[in-house]
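For reference, the structure is listed below as structure tokens.
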């Protein structure tokens, strides 16, 4: 009887570990891509770049909560004044992925909120006018604002334990003067 109970316990332990490996409770995401300014900001800033990292926790079979950190940089489209904008975002997303076990490409939708720190280093460059002056750092402006986003994308298997994802989002950083809107397009890996 002891051998049977020991064998059943060992079998239960093996099945538990095997099922934990098949459906892990969390995922890690890393990615980067282009950040496209929208609205009035598109007149003053060029297309920038970004990088992101995120940890996702599964709540239900189709719903995952994501905690993330992102960095965006937008170069200014001007000659005399350089006031590039950098944005550091800390936020929470909800990711909805419909169950499609046999599909090679799996779509998803997401929405999120968080805080964004906008930083602008202002430099005055008169050297292009033939003045002989070197560029002068005027100062730094920094503010932390609320942001929200909505977007979607798709995932596909790269290896048995690694997925490739592509997503696009529309992000609005609220501001008392004028909201800062941009569209990041991200390519990355999900572990």
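Residue numbers (the working numbering): 16 to 206. No residue lacks a Cβ here, since even glycine has one placed at the ideal position from N, Cα and C.
Residue environment, residue i, which counts as buried when at least 16 other CB atoms sit within 10 Å
i	result
residue 186	buried
residue 193	exposed
Distance between residue j and residue i (C-alpha atoms, nearest Å)
i	j	result
residue 129	residue 171	27 Å
residue 195	residue 99	14 Å
residue 86	residue 166	17 Å
residue 1	residue 66	In the structure as shown, the chain begins at 16 and stops at 206. Residue 1 is therefore absent and cannot be evaluated.
residue 190	residue 109	24 Å
residue 58	residue 50	14 Å
residue 197	residue 177	29 Å
residue 82	residue 137	31 Å
residue 56	residue 117	42 Å
residue 75	residue 125	15 Å
residue 39	residue 120	20 Å
residue 131	residue 160	5 Å
residue 105	residue 80	14 Å
residue 88	residue 123	26 Å
residue 162	residue 78	21 Å
Neighbourhood of residue i by C-beta, 6 Å cutoff - its chain only, sequence neighbours within 5 removed
i	result
residue 61	90 and 92
residue 157	134
residue 36	Legend: pLDDT at residue 36 = 42, less than 50; position of this residue unreliable, value from coordinates given subsequently. Result list for residue 36: empty, nothing under 6 Å.
Three-state secondary structure (DSSP) of residue i
i	result
residue 58	helix
residue 193	coil
residue 110	strand
residue 206	coil
residue 104	strand
residue 79	strand
residue 117	coil
residue 122	strand
residue 199	strand
Residues of its chain near residue i, where Cβ-Cβ distance is below 8 Å and the 5 sequence neighbours each way are ignored
i	result
residue 41	70, 71, 72 and 73
residue 202	46, 47, 48, 179, 180 and 181
residue 43	68, 69, 70, 71, 205 and 206
residue 53	185, 196, 197 and 198
residue 107	80, 81, 82, 83, 127, 128 and 129
For residue i: DSSP bridge partner residues
i	result
residue 157	134
residue 178	172 and 205
residue 52	197
residue 41	72
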